[in-house]
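Below: one structure, written as structure tokens.
Right under this line is the structure:
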């Protein structure tokens, strides 16, 4: 899923807010510099630096990403985006209680041991070869920017003068930027000595920047995961988590906007509504908290209680207690007949989790009882999920042949998945996709296209054609690594390209929001679905 979309709404305890890596060379990054007004690109850089100086990292990232679409070769915009991403992830780490509790406090030997374990997995499992010098250099870059980050400084260097911190940053830049590495452990010990001598900084925070920052040498989908991020990921895969059942986004001065409230959840049963704002958590004002800070307070064990102050659309505030419990997240929130006269069914799938094949079976049986003769399958906004679930749902619609194959560095990553004739649904099919349809959604789109199984309507998919594997590491943390690329039945891999639809529908003027709790289908305002219906009506007329 594109970072820009993730930043608009980070979903807590529902989907993993994926850590975006940074794949540029560290030598390209550098301190912020003033740029005089002139060309439009220079104005864009100037606006970006304003966001950075006020530490509005999500806004800075979104701004730089948008500007780079217009000026893709502008080095100042590229550097600004890189800086902003690093600061964003530093601040996320230091808002994560599981990181502070179990990782930042490690001794030097424990931390370096964790680095060695992590890099060994990268070296042996990552889809491409990674040079240790490049890996360590990205860690140096991460530490360099962390030493200029207020949250990092307040946590680790509160009583240290800015002059001493600046001296350490200068020595990192002059003595260690892209310096060749033959023994990573030896280099980390040297860097720990340097940091301790200059500022008294402990070894744990130093080495953590090399563990997390080193992953910036990889692709956008590989990252080191704190215990809470790993737990979120497993909850996403299982389709179940413990919490309140909300999707939220921090709005400065207004609190936490409820973007979505899941049905059959504590939040829904307690009367929370999308569009309202949480303004206090257990009596603590959260109007200016980040999403991460608030998420840390909202999370808790099954059966524990929490009290929220919530402001409605008129600004009227009420206080309501909630009890956290297990919430089931459905990957198919909508399955209904949208054209009764012609028996056109509609299924919206928001992810590919373990339960998705069984959910699909139930939805198809339900629609058949209601007279389904053809189907619109909506994967817009679907960021993907489990490869095996994608294969299983595809097998419901394709009778024979290869569905997808994977190729990686190790033999166990080289796989081919084929269809089984039994249980195939032969109804006419239209698949609806957009630029946020990624990963497993693209496995589906590639197979539908190559097998000529249906018509694809919408916009070009995102272009994430890689497979990630999860590797647990000590301390209940994890490592998400790209271990293979996947290929469509015709042998294509379309990373950064995506699947082009058979029928292109222009981007809507207003972005369409996908809610797991919504069962509404507004054909009047949805050009994609209107086109899908037209296609199926034409097919029906030709039969």
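In my numbering, the protein residues as written are 813 to 1355. Virtual Cβ for every residue (Gly too), placed ideally from N, Cα, C.
Would a C-beta distance cut-off of 8 Å place residue i and residue j closer than the cut-off?
i            : j            : result
residue 1245 : residue 1275 : no
residue 1294 : residue 1030 : yes
residue 1023 : residue 1085 : no
residue 1343 : residue 1317 : yes
residue 1207 : residue 1268 : no
residue 1195 : residue 1125 : no
residue 1042 : residue 882  : no
residue 1057 : residue 1074 : yes
residue 1018 : residue 963  : no
residue 1141 : residue 1121 : no
residue 1110 : residue 1193 : no
residue 923  : residue 1020 : yes
residue 1310 : residue 1273 : yes
residue 1117 : residue 1129 : no
residue 1028 : residue 1089 : no
residue 1191 : residue 1256 : yes
residue 1222 : residue 966  : no
residue 787  : residue 1160 : The chain is shown from 813 up to 1355; residue 787 falls before or after that span and cannot be answered.
residue 1210 : residue 1231 : yes
residue 1308 : residue 1278 : no
residue 1104 : residue 910  : no
residue 1258 : residue 1300 : yes
residue 1115 : residue 1137 : yes
residue 955  : residue 1026 : no
residue 948  : residue 1008 : no
What residues in its chain sit with their C-beta under 7 Å from that of residue i, if we drop five residues either side in the sequence?
i            : result
residue 841  : Residue placement at residue 841 is flagged as unreliable, the pLDDT there being 37, under the threshold of 50; the coordinate-derived value follows with that caveat. The residues are 891, 894, 895 and 953.
residue 1349 : 1154
residue 1099 : 1065, 1066, 1067 and 1091
residue 884  : none
residue 1302 : 1262
residue 876  : 860, 889, 892, 893 and 896
residue 1169 : 1201, 1204 and 1205
residue 1101 : 1062
residue 857  : 847, 888, 889 and 892
With a CB to CB cut of under 6 Å and the five nearest residues on each side skipped, what residues in its chain are close to residue i?
i            : result
residue 1184 : 1155 and 1157
residue 825  : For residue 825, the predicted model reports a pLDDT of 26, less than 50, meaning its position is unreliable and no value from the coordinates is stated.
residue 946  : 1029
residue 839  : Residue confidence is low: residue 839 scores 31 on pLDDT, short of 50, so the model does not pin down where it sits. No coordinate-derived value is stated.
residue 918  : 1016
residue 958  : 902, 964 and 1021
Tell me which residue opens and which closes the alpha helix (DSSP H) that residue i is part of.
i            : result
residue 1218 : Here residue 1218 belongs to no alpha helix (DSSP H); instead the beta strand (DSSP E) covers 1214–1220.
residue 892  : 887–905
residue 1048 : 1039–1050
residue 1283 : Not the alpha helix (DSSP H): residue 1283 falls in the beta strand (DSSP E), residues 1278–1285.
residue 1343 : 1339–1354
residue 957  : 944–958
residue 1001 : 996–1011
residue 1026 : 1015–1026
residue 1270 : From DSSP, residue 1270 is part of no alpha helix (DSSP H) but of the beta strand (DSSP E) over 1267–1270.
residue 914  : 909–914
residue 857  : 852–865
residue 876  : 869–882
residue 1308 : Per DSSP, residue 1308 belongs to no alpha helix (DSSP H) and is neither H nor E.
residue 805  : The chain is shown only over 813 to 1355; residue 805 falls outside these bounds and no answer can be derived.
residue 1081 : 1078–1081
residue 982  : 974–983
residue 968  : 962–968
Residue range of the beta strand (DSSP E) that residue i falls in?
i            : result
residue 1292 : 1289–1299
residue 1091 : 1089–1093
residue 1255 : Not the beta strand (DSSP E): residue 1255 falls in the alpha helix (DSSP H), residues 1252–1262.
residue 799  : Since the first residue shown for the chain is 813 and the last is 1355, residue 799 is missing from the structure and cannot be characterised.
residue 1067 : 1067–1073
At least one CB of chain C closer than 8 Å to the CB of residue i: is that the case?
i           : result
residue 990 : In the structure shown, chain C cannot be found, because there is only a single protein chain.
Residues in the same chain with beta-carbon distance under 8 Å from residue i, minus the five sequence neighbours each way, listed in chain order, please.
i            : result
residue 1335 : 1150, 1341, 1342 and 1345
residue 1280 : 1033, 1034, 1292, 1293, 1294 and 1295
residue 1045 : 828, 1037, 1282, 1290 and 1292
residue 1286 : 925, 926 and 929
Could you tell me if the beta carbon of residue i falls within a distance shorter than 7 Å of some heavy atom in the ligand SAH?
i            : result
residue 1249 : Absence of the ligand SAH is noted for the structure shown, with no ligands found whatsoever.
Measure how close the beta-carbons of residue i and residue j come, nearest whole angstrom, since I'm counting them as under 8 Å.
i            : j            : result
residue 1241 : residue 1187 : 5 Å
residue 969  : residue 1010 : Contact doesn't hold; Cβ gap of about 10 Å is too wide.
residue 1383 : residue 1071 : In the structure displayed, the chain extends from 813 to 1355; residue 1383 sits before or after that span and is not available.
residue 1220 : residue 1197 : No, residue 1220 and residue 1197 are not in contact; Cβ-Cβ is about 19 Å, not under 8 Å.
For the stretch 1156–1183, list the alpha helix (DSSP H) runs that are entirely contained and at least 4 residues long, ordered along the chain.
1168–1181
Output the residue ranges of the beta strand (DSSP E) runs that lie fully inside the stretch 1091–1159 and measure 3 residues or longer, sorted by chain position.
1117–1123, 1129–1135, 1137–1140 and 1146–1151
Ignoring anything shorter than 3 residues or poking outside the stretch 1187–1241, list the beta strand (DSSP E) runs there in chain order.
1214–1220 and 1227–1230
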